[in-house]
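Numbering (UniProt numbering), first residue to last: 1 to 166.
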């Protein structure tokens with residue numbers, strides 16, 4: 001990266017994510033920092049806007065997988081370790097199959113990351129309803145892909161004059 005690109009990126013990272021972190025609670029989203037994680041996969045995928053939909057769909061599928069996992073674990077009558085293993089086994093197996101059958105719809109890395117993010121978030125916050133928290137996680141993931149990821153990349157490319165390259 002050239003000096004202008006580095007400084008522009010640094011300034012955008014210093015402005016856009018903190019703006020979401022401050023604003024997100026006013027929208028009822030108390031898990032705003034998840035957006036930074038979600039933007040990471042968008043960025044490591046080359047900031048490719050053509051893949052934004054499938055990355056976002058993967059995150060939302062992962063969020064749903066987290067809800068399903070939490071519901072299974074909350075209602076199990078079996079050994080918890082066995083239930084956890086089987087839940088992760090079956091749902092993980094399905095992630096790979098579905099994302100490979102529908103590669104234009106789901107991006108497997110974001111699905112797996114979204115699932116892990118959701119499970120961790122749901123386990124750490126047991127005082128918020130699962131459905132409310134699931135919605136908040138999904139919103140933060142979408143913000144990560146489209147606001148922190150795609151918008152920041154677009155602004156940087158326009159400022160640096162590299163917009164025609166993508």
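For glycine and all other residues, C-beta sits at the position ideal for the given N, C-alpha and C.
For the candidate residues the options, whose alpha-carbon lies nearest to that of residue i?
| i | options | result |
| --- | --- | --- |
| residue 68 | 116, 163 and 141 | 116 |
| residue 125 | 23, 110 and 31 | 31 |
| residue 111 | 61, 34, 14 and 43 | 61 |
| residue 109 | 92, 123 and 75 | 92 |
| residue 118 | 137, 86 and 90 | 137 |
| residue 19 | 143, 94, 96 and 80 | 143 |
| residue 64 | 150, 135, 146 and 145 | 135 |
| residue 103 | 53, 89, 75 and 84 | 53 |
Is it buried or exposed, residue i, if we count other Cβ atoms within 10 angstroms and call 16 or more buried?
| i | result |
| --- | --- |
| residue 17 | buried |
| residue 100 | exposed |
| residue 1 | exposed |
| residue 59 | buried |
| residue 129 | exposed |
| residue 105 | exposed |
| residue 57 | buried |
| residue 96 | exposed |
| residue 77 | exposed |
Cutting at 6 angstroms between CB atoms, please list the residues of its own chain near residue i, excluding the five before and the five after it.
| i | result |
| --- | --- |
| residue 45 | 51 |
| residue 87 | 69 and 72 |
| residue 47 | 153 |
Given this structure, state the Cα-to-Cα distance separating residue i from residue j, to the nearest angstrom.
| i | j | result |
| --- | --- | --- |
| residue 71 | residue 55 | 24 angstroms |
| residue 6 | residue 107 | 28 angstroms |
| residue 160 | residue 148 | 18 angstroms |
| residue 98 | residue 10 | 37 angstroms |
| residue 27 | residue 15 | 18 angstroms |
| residue 49 | residue 150 | 6 angstroms |
| residue 146 | residue 114 | 15 angstroms |
| residue 83 | residue 40 | 31 angstroms |
| residue 85 | residue 43 | 31 angstroms |
| residue 79 | residue 4 | 57 angstroms |
| residue 94 | residue 127 | 30 angstroms |
| residue 81 | residue 8 | 48 angstroms |
If you drop the 5 nearest sequence neighbours on each side, which residues of the same chain put their C-beta closer than 8 angstroms to that of residue i?
| i | result |
| --- | --- |
| residue 12 | 152, 155 and 156 |
| residue 140 | 24, 29, 31, 32, 33, 34, 35 and 38 |
For residue i, I'd like the list of residues in its chain whose CB is within less than 7 angstroms of its CB, leaving aside the five on either flank, ordered along the chain.
| i | result |
| --- | --- |
| residue 122 | 66, 70, 130 and 133 |
| residue 163 | 157 |
| residue 21 | 32 and 33 |
State yes or no: is the C-beta of residue i nearer than 6 angstroms to some heavy atom of the ligand ATP?
| i | result |
| --- | --- |
| residue 140 | Although the ligand ATP was asked about, the structure shown includes no ligands whatsoever. |
Please confirm if residue i has its CB atom under 7 angstroms from at least one CB of chain C.
| i | result |
| --- | --- |
| residue 63 | Among the chains of the structure shown, chain C does not appear; only one protein chain is present. |
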